[in-house]
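Student:
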Amino acid sequence: MNTSSSNTHPEYYTIRLGGHLTASWADWFEGMTISETETGETTLSGPIMDQAMLHGIFAKIRDLNLTIISVARAEDEPPQRDSA
Amino acid sequence: MDASLLLTKLHIPPTSTRLVARPRLLARLAEGLACPLTLISAPAGFGKTTLLSEWLDSLNSEQRTVDSSRPTFHYPLSTLRVAWLSLDEDDNDPLRFLTYLIGALQTLTPDLGETTLALLRSPQPPPTKTLLTALINELTALASRFAVVLDDYHVITAPPVHEMLSYILDHLPSQMHLVMLTRADPPLPLARLRVRNQLVELRANDLRFTSEEAAMFLSDVMGLMLSAQDINTLERRTEGWIAGLQLAALSLKGREDIPQFIATFGGGHAYIVDYLVEEVLVRQTESVRTFLLRTSILERMTGPLCDALTGRTDGQAMLEQLEHANLFVTPIGGERCWYRYHHLFADMMRNRLRQSSTGAMGEMLGQVRELHRRASRWYEQNGFADQAIQHALMAQDWKLAGSLMDKGSQSAMRNGEIGKVLGWVKALPATEVVSNLTLCINLAWARVLTGQFSAAEQVLEQVQDSVQGDAGLLVDWLAVQAFIARAKGQMRQSIELAERALAIPEAHNVESQSILALSLALTYYHSGKTTPAALVADRAAHLAEQAGNWHAWVFMTALLARIQAAQGHLHQAEETYLRTIKGHPQVREWTGSGMSQSGIAALHYEWNDLEYAKTLLEEALQHSELTGHGEMQMSCHRLMARILLAQGDVQGATRAMACAEDAVRKHNLSQMMRDRVAAEHVQLALAQGDLAAAAQWAAQVQGPYGAAFHYPHIPLEGAMLTRARGDKAGAAAMLAERYEAASQENLEYAQIEIRIEQALAAEDRAQALRLLTEALTWSQPEGYVRLFVDRGQPLVALLREAVQKGVAPEYCARLLAAFPSSGVHDIPTSVPSAWVEPLTERELQVLRLLGAGKSNQEIADDLVLAVGTVKRHLNNIFGKVGAQNRTECVARSRELRLLDS
Numbered sequence: 081m082n083t084s085s086s087n088t089h090p091e092y093y094t095i096r097l098g099g100h101l102t103a104s105w106a107d108w109f110e111g112m113t114i115s116e117t118e119t120g121e122t123t124l125s126g127p128i129m130d131q132a133m134l135h136g137i138f139a140k141i142r143d144l145n146l147t148i149i150s151v152a153r154a155e156d157e158p159p160q161r162d163s164a
Numbered sequence: 091m092d093a094s095l096l097l098t099k100l101h102i103p104p105t106s107t108r109l110v111a112r113p114r115l116l117a118r119l120a121e122g123l124a125c126p127l128t129l130i131s132a133p134a135g136f137g138k139t140t141l142l143s144e145w146l147d148s149l150n151s152e153q154r155t156v157d158s159s160r161p162t163f164h165y166p167l168s169t170l171r172v173a174w175l176s177l178d179e180d181d182n183d184p185l186r187f188l189t190y191l192i193g194a195l196q197t198l199t200p201d202l203g204e205t206t207l208a209l210l211r212s213p214q215p216p217p218t219k220t221l222l223t224a225l226i227n228e229l230t231a232l233a234s235r236f237a238v239v240l241d242d243y244h245v246i247t248a249p250p251v252h253e254m255l256s257y258i259l260d261h262l263p264s265q266m267h268l269v270m271l272t273r274a275d276p277p278l279p280l281a282r283l284r285v286r287n288q289l290v291e292l293r294a295n296d297l298r299f300t301s302e303e304a305a306m307f308l309s310d311v312m313g314l315m316l317s318a319q320d321i322n323t324l325e326r327r328t329e330g331w332i333a334g335l336q337l338a339a340l341s342l343k344g345r346e347d348i349p350q351f352i353a354t355f356g357g358g359h360a361y362i363v364d365y366l367v368e369e370v371l372v373r374q375t376e377s378v379r380t381f382l383l384r385t386s387i388l389e390r391m392t393g394p395l396c397d398a399l400t401g402r403t404d405g406q407a408m409l410e411q412l413e414h415a416n417l418f419v420t421p422i423g424g425e426r427c428w429y430r431y432h433h434l435f436a437d438m439m440r441n442r443l444r445q446s447s448t449g450a451m452g453e454m455l456g457q458v459r460e461l462h463r464r465a466s467r468w469y470e471q472n473g474f475a476d477q478a479i480q481h482a483l484m485a486q487d488w489k490l491a492g493s494l495m496d497k498g499s500q501s502a503m504r505n506g507e508i509g510k511v512l513g514w515v516k517a518l519p520a521t522e523v524v525s526n527l528t529l530c531i532n533l534a535w536a537r538v539l540t541g542q543f544s545a546a547e548q549v550l551e552q553v554q555d556s557v558q559g560d561a562g563l564l565v566d567w568l569a570v571q572a573f574i575a576r577a578k579g580q581m582r583q584s585i586e587l588a589e590r591a592l593a594i595p596e597a598h599n600v601e602s603q604s605i606l607a608l609s610l611a612l613t614y615y616h617s618g619k620t621t622p623a624a625l626v627a628d629r630a631a632h633l634a635e636q637a638g639n640w641h642a643w644v645f646m647t648a649l650l651a652r653i654q655a656a657q658g659h660l661h662q663a664e665e666t667y668l669r670t671i672k673g674h675p676q677v678r679e680w681t682g683s684g685m686s687q688s689g690i691a692a693l694h695y696e697w698n699d700l701e702y703a704k705t706l707l708e709e710a711l712q713h714s715e716l717t718g719h720g721e722m723q724m725s726c727h728r729l730m731a732r733i734l735l736a737q738g739d740v741q742g743a744t745r746a747m748a749c750a751e752d753a754v755r756k757h758n759l760s761q762m763m764r765d766r767v768a769a770e771h772v773q774l775a776l777a778q779g780d781l782a783a784a785a786q787w788a789a790q791v792q793g794p795y796g797a798a799f800h801y802p803h804i805p806l807e808g809a810m811l812t813r814a815r816g817d818k819a820g821a822a823a824m825l826a827e828r829y830e831a832a833s834q835e836n837l838e839y840a841q842i843e844i845r846i847e848q849a850l851a852a853e854d855r856a857q858a859l860r861l862l863t864e865a866l867t868w869s870q871p872e873g874y875v876r877l878f879v880d881r882g883q884p885l886v887a888l889l890r891e892a893v894q895k896g897v898a899p900e901y902c903a904r905l906l907a908a909f910p911s912s913g914v915h916d917i918p919t920s921v922p923s924a925w926v927e928p929l930t931e932r933e934l935q936v937l938r939l940l941g942a943g944k945s946n947q948e949i950a951d952d953l954v955l956a957v958g959t960v961k962r963h964l965n966n967i968f969g970k971v972g973a974q975n976r977t978e979c980v981a982r983s984r985e986l987r988l989l990d991s
């Protein structure tokens, strides 16, 4: 696990949430990409600067009463997807 | 924090009259009273707070008295009293958290925790555990049961506060019950509590509405006529989530197309809150919508503040209207002055607000910024400095934020809110920081107090030129520099800077100068420069009085008294000490001073008022245990040992010295403190005639130390041991040198002591008598007694002679009467001189092996020596340590710290 405090490049995380968030929430989640799955779930994905930022996002998710289904970290930047 | 805002934190949220009865949950809460902790952990909108206030209400069903001037309900019939504390992010500062916790507890008993509060506010608060122990002791003394509710605990993220809670839970008095409401499980040992059945939990699944409850809510509380199927759909879709049902109900009120709404709602995947809030908003008037949007940026709202943001005058009316319509607004103060939005709703609105100002990225937040700016201005005009700064930062108006921080930094530092100041600066761009000089100085202080010396010097350097033009600021600037210099051990530079600052006329900055003078007095004192130390201490006390800094006043006056005692003005010293104990006419509460009490005790010891000295010392000890002041504890135990020995209680004296050593260990005191204890051991050993032990202890004193080492005494152990070895000439030489050193700083106390020792080391009788006469004449006015008596039997003969020769006959008679008849104080005059030496390296090796239980043969083998040699070494060791056999030797060596216990 990368514990260095100076990240020269961010990690890419994908968070799956229950329910459907509109793209208007992207700004609230610090510029992450919001996309909808066919099963009516939402994916939040994007670069995360460090763990503290990730926990900040978790707190926001918690405060909006959204359900976290999964959290995954990608090795490289995923190919650009269209936002729904 | 402003008093009215504080009250909102302690206010128990009111219950609504329109509620669904939830007897099963209330029963669980009642069960929970038997455990230490009730935890209600669920996301927002599950009705945690509502449930709890409903429960508190039900605890007192008859004749409830609502006293609207105080944020608490009185329960004349119930035996459970409840204190409430709503937490916010600022409570992550442990000292602030504790302050508000005590504030909440004071709604139960007005004076509760006053001692702890006083300690909290002192310049160097004792460690947290000490504070908590003091508080918990007070709670344990409360007669009836009580509960403390902590609301919104999830905002707490700082480990020190979690540790405090952990500690409180571990030591919870049996009458106390803790309730925590949170959106996330706190990092406390919950598993342990669960296993021991010491925890009652209510979680999301417990708090969800059951089908029956949902039905009751929709029909009875919200007044909707819905079919069973519709109710079912709504319940299924919201999964019993109360806030969701509430929103759904609000969306349905007065609507005609109910079936259509339910169909869409029931089948959709959209984020419920978003969808429903939109539905609710759409049905409000434009006026209401604008109001909601604009005020959503606020944490707390009050009529006039809302008006500042909307530019209208109907703020108060709007808030009351919203509350009445059950539209997400809750009152948070007794008098319907302050309100806040329900969290979820506020987040929705804020998100909308961000989006509503469409356009290029640059203009995106313009409207929001303006709102924050207006809020900041209102808060500032109404005296809420913290909130004003928060909003200025959110407005990203750095100039505004900088100037507000500049104004607020002084009082923040005075209140000890160091973390706050450091946090502010982090949020501000560097260029803005530098242009606010007061902020910079306080930032430098904050950094110094958290040990970040180079960062402090950095900011001082940046403003070096700018401060020259402002005398008040210059004083502060020099003060920080002086402090840093002293911390780095650059004494001369520190003194120079301090003197420069003190030379600036007083009118400009009395506060800083008082702290500066205090620092300078200590610098002089620790450098052994007694006379300047006394002058500056006096000035410092005077400045402190002008600045209203009472802690500094007590400290400096006590220091002055100590120096007066050292310079031989015993009675004057007592008077000075008494001033600090009586308190100052301008100060209402007085916590007293351990330093003064122990100082007076030392004086009365000298005057041979042993019982009185003991009483005072016991008080000083209590005080030092409360403040957690390790050095004071050690000093008190040392003096106690002397008093007890003087009373003939050898065991008691030994115990007291053990306590002194405990204090050194527990508080991890410096080498100098350890050496003071060792030096005391030497004195006590000599007084008991245990020369060997005295020698061993003396060998452990590192040093050398100057006059400040043993106030008001001066280190004479070396000379005393030399005399005991029979080397009078050697002793006399050492004493002459010590006398020189003492007289340079007018340390009369020490000078008299040295004269007496010199009398004992004199070559002939005539010289001895001459020296003693000088000492007697000198000491009579101030009534010294123990300086003579502690010298032991050898002085008796000399004193008798003095009486015969007519030297101060009454005084001598008094002194002679004070000598014990049993001869406890006795320095033997014939002891093999070789034994009054420290152990050699080889002897130490042998001793360690002896301590490990090895036989002579084993020791010989280990060290490659002949057995005979080992025996010879052991013989020497026994003599030096003062033992007759191996067992005694090991025991004594442990006592003398030559072996580890």
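Line by line, the protein sequences are chains G and A. Under our numbering, the very last position in the first sequence is 164; numbers go up by exactly one each time. Under our numbering, the very last position in the second sequence is 991; numbers go up by exactly one each time. The beta-carbon is built from N, C-alpha and C at its ideal position, and this holds for glycine as well.
Rank A:M495, A:R463, A:T621 by C-alpha distance to the C-alpha of D476 (chain A) and give the top, closest one.
Tutor: The sequence position of residue 476 (chain A) within the second sequence is 386, counting from 1. Here the closest residue by C-alpha is A:M495.
Student: Taking its Cβ as the centre, do 16 or more other Cβ atoms sit within 10 Å of D854 (chain A), making it buried, or is it exposed?
Tutor: To locate residue 854 (chain A), count along the second sequence from 1; it is residue 764. D854 (chain A) comes out exposed.
Student: Got a sec: does the ligand COA put a non-hydrogen atom nearer than 7 Å to the Cβ of P217 (chain A)?
Tutor: Among the ligands in the structure shown, none appear at all, so the ligand COA cannot be discussed.
Student: If you draw a straight line from the alpha carbon of F307 (chain A) to that of I130 (chain A), how long is it in whole angstroms?
Tutor: Start at 1 with the first residue of the second sequence, and residue 307 (chain A) comes out as number 217. Start at 1 with the first residue of the second sequence, and residue 130 (chain A) comes out as number 40. For F307 (chain A) and I130 (chain A), the distance between alpha carbons rounds to 21 Å.
Student: Since N508 (chain A) is in the beta strand (DSSP E), which residue starts that stretch and which ends it?
Tutor: Numbered from its first residue, the second sequence carries residue 508 (chain A) at position 418. In the sequence under discussion, the amino acid at residue 508 (chain A) is Ile, which differs from the Asn named in the question. First-last for I508 (chain A): 508-517, but that is the alpha helix (DSSP H), not the beta strand (DSSP E).
Student: Can you have a look at T230 (chain A) and say buried or exposed, based on whether 16 or more other CB atoms are within 10 angstroms of its CB?
Tutor: Locating residue 230 (chain A) in the second sequence gives position 140, counting from the first residue. Looking at its Cβ environment, which holds fewer than 16 other Cβ atoms inside 10 Å, T230 (chain A) is exposed.
Student: Just how far apart, CA to CA, sit A809 (chain A) and A822 (chain A)?
Tutor: Locating residue 809 (chain A) in the second sequence gives position 719, where the first residue counts as 1. Locating residue 822 (chain A) in the second sequence gives position 732, where the first residue counts as 1. About 8 Å.
Student: Specify the secondary structure class of T354 (chain A) as computed by DSSP and reduced to three states.
Tutor: Walking along the second sequence from the start, residue 354 (chain A) turns up at place 264. It is helical.
Student: Between G673 (chain A) and V886 (chain A), what straight-line distance do the alpha-carbon atoms span, to the nearest angstrom?
Tutor: Here residue 673 (chain A) refers to the residue found at position 583 of the second sequence. Here residue 886 (chain A) refers to the residue found at position 796 of the second sequence. Looking at the two C-alpha atoms, the distance is approximately 43 Å.
Student: State the DSSP-derived secondary structure class of R75 (chain G), mapped to helix, strand or coil.
Tutor: Residue 75 (chain G) falls outside the range modelled here, since chain G spans only 81 to 164, and no answer is possible.
Student: Given this structure, state the Cα-to-Cα distance separating E696 (chain A) from E470 (chain A), to the nearest angstrom.
Tutor: By 1-based counting over the second sequence, the position of residue 696 (chain A) is 606. By 1-based counting over the second sequence, the position of residue 470 (chain A) is 380. One C-alpha to the other measures close to 59 Å.
Student: Is the shortest distance between the beta-carbon of N472 (chain A) and the beta-carbons of chain G less than 8 Å?
Tutor: Your numbering for residue 472 (chain A) matches position 382 in the second sequence. Chain G, which has no Cβ nearer than 8 Å to the Cβ of N472 (chain A), makes this no.
Student: Give me whichever residues DSSP pairs with S391 (chain A) in a beta bridge.
Tutor: Numbered from its first residue, the second sequence carries residue 391 (chain A) at position 301. The sequence shown places Met at residue 391 (chain A), rather than the Ser named in the question. Looking at the DSSP assignment, M391 (chain A) forms a beta bridge with A:Y429.
Student: Among residues of its own chain, excluding the 5 on either side of W643 (chain A), which ones have a beta-carbon nearer than 7 Å to its beta-carbon?
Tutor: For the purposes of this step, residue 643 (chain A) is taken as residue 553 along the second sequence, with counting starting at 1. Answer for W643 (chain A): A631, A634, E635, H674, listed in chain order.
Student: Could you give the DSSP three-state label for A231 (chain A): helix, strand or coil?
Tutor: Along the second sequence, read from residue 1 onward, the residue named residue 231 (chain A) stands at position 141. In this structure, A231 (chain A) counts as coil in the three-state DSSP scheme.
Student: Determine which residues of the stretch 114-144 of chain G have a Cβ less than 7 Å from any Cβ of chain A, and write them out in chain order.
Tutor: Going along the stretch 114-144 of chain G in chain order, one finds G120, R142, D143, L144 with a Cβ nearer than 7 Å to chain A.
Student: According to DSSP, is S686 (chain A) helix, strand or coil?
Tutor: Counted from its first residue, the second sequence places residue 686 (chain A) at position 596. Here S686 (chain A) sits in helix by DSSP.
Student: Along chain G, in chain order, which residues have C-beta atoms closer than 8 Å to that of H433 (chain A)?
Tutor: Stepping through the second sequence from its first residue, residue 433 (chain A) is reached at position 343. Simply D143.
Student: So what's H267 (chain A) in DSSP terms, helix, strand or just coil?
Tutor: For this step, residue 267 (chain A) is matched to residue 177 along the second sequence. Three-state result, H267 (chain A): strand.
Student: Going by C-alpha distance, which of A:F543, A:T403, A:E864 is nearest V570 (chain A)?
Tutor: As a position in the second sequence, residue 570 (chain A) is number 480, starting the count at 1. Among A:F543, A:T403, A:E864, the Cα nearest to that of V570 (chain A) belongs to A:F543.
Student: Indicate whether D320 (chain A) and I246 (chain A) have their beta-carbon atoms separated by less than 8 Å.
Tutor: In the second sequence, counting from the first residue as 1, residue 320 (chain A) sits at position 230. In the second sequence, counting from the first residue as 1, residue 246 (chain A) sits at position 156. Not a contact, by the Cβ cut-off of 8 Å.
Student: Taking the alpha-carbon positions, what's the L417 (chain A) to W428 (chain A) distance?
Tutor: Position 327 of the second sequence, counted from the first residue, corresponds to residue 417 (chain A). Position 338 of the second sequence, counted from the first residue, corresponds to residue 428 (chain A). About 15 Å.
Student: Let's see if you can read the secondary structure: which residues bound the alpha helix (DSSP H) around W468 (chain A)?
Tutor: In the second sequence, the residue the question calls residue 468 (chain A) occupies position 378. Element bounds for W468 (chain A): 456-471.
Student: Alpha carbon to alpha carbon, how far is S466 (chain A) from L395 (chain A)? Give it in angstroms, no decimals.
Tutor: Here the question's residue 395 (chain A) lines up with position 305 in the second sequence. Here the question's residue 466 (chain A) lines up with position 376 in the second sequence. In a straight line, the C-alpha of L395 (chain A) is about 10 Å away from that of S466 (chain A).
Student: Suppose you measure from the CA of R745 (chain A) to the CA of Q792 (chain A); what does that come to, to the nearest Å?
Tutor: As a first step, residue 745 (chain A) is located in the second sequence; it is residue number 655 there, counting from the start. As a first step, residue 792 (chain A) is located in the second sequence; it is residue number 702 there, counting from the start. C-alpha separation (whole angstroms): 24 Å.
Student: Quick one: which unbroken beta strand (DSSP E) runs of 3-plus residues sit fully inside the stretch 268-345 of chain A? Chain order, please.
Tutor: Taking only runs of at least 3 residues, the beta strand (DSSP E) segments lying wholly in the stretch 268-345 of chain A are 289-293.
Student: Contact criterion: CB-CB distance below 8 Å. Does T94 (chain G) meet it with respect to chain A?
Tutor: What you label residue 94 (chain G) is simply residue 14 of the first sequence in a count that begins at 1. Chain A contact via Cβ: absent.
Student: Does the stretch 897-905 of chain A come close enough to the stretch 684-695 of chain A to have 3 or more Cβ pairs within less than 8 Å?
Tutor: With the cut-off at 8 Å, the stretch 897-905 of chain A and the stretch 684-695 of chain A do not touch.
Student: Taking C-beta pairs closer than 7 Å, name the residues in chain G that G941 (chain A) reaches, listed in chain order.
Tutor: Residue mapping note: residue 941 (chain A) aligns to position 851 of the second sequence, counting from 1. Those within 7 Å of G941 (chain A) in chain G number zero; the least Cβ separation is about 46 Å.
Student: On the criterion of 16 or more Cβ atoms from any shown chain inside 10 Å, does L668 (chain A) qualify as buried, or is it exposed?
Tutor: Against the second sequence, residue 668 (chain A) aligns to sequence position 578. With fewer than 16 Cβ atoms within 10 Å of its Cβ, L668 (chain A) is classed as exposed.
Student: Counting only the same chain and skipping the five closest in sequence on each side, list residues whose C-beta sits under 7 Å from that of A819 (chain A).
Tutor: Residue 819 (chain A) sits at position 729 when you count from the first residue of the second sequence. Around A819 (chain A): no qualifying Cβ.
Student: Based on DSSP bridge pairs, tell me the residues matched to A237 (chain A).
Tutor: For this step, residue 237 (chain A) is matched to residue 147 along the second sequence. DSSP, once it has assigned bridges, lists A:V172, A:H267 as partnering A237 (chain A).
Student: For a test of the three-state rule: what should DSSP assign to V419 (chain A), helix, strand or coil?
Tutor: For the purposes of this step, residue 419 (chain A) is identified with residue 329 of the second sequence, where counting begins at 1. If DSSP states are grouped into helix, strand and coil, V419 (chain A) belongs with the strands.
Student: For N758 (chain A), which residues from the same chain have a beta carbon less than 6 Å from its beta carbon, with the 5 sequence-adjacent residues on both sides left out?
Tutor: Within the second sequence, numbered from 1, the residue matching residue 758 (chain A) stands at position 668. Cβ neighbours of N758 (chain A) beyond the five flanking positions: none.
Student: Excluding sequence positions up to five away, which residues of its chain have a Cβ less than 7 Å from the Cβ of A775 (chain A)?
Tutor: In the second sequence, the residue the question calls residue 775 (chain A) occupies position 685. Cβ within range, chain order: A783, A784, W787.
Student: Is the separation between the beta-carbon of A831 (chain A) and that of A849 (chain A) shorter than 8 Å?
Tutor: Indexing the second sequence from 1 puts residue 831 (chain A) at position 741. Indexing the second sequence from 1 puts residue 849 (chain A) at position 759. Contact: no.
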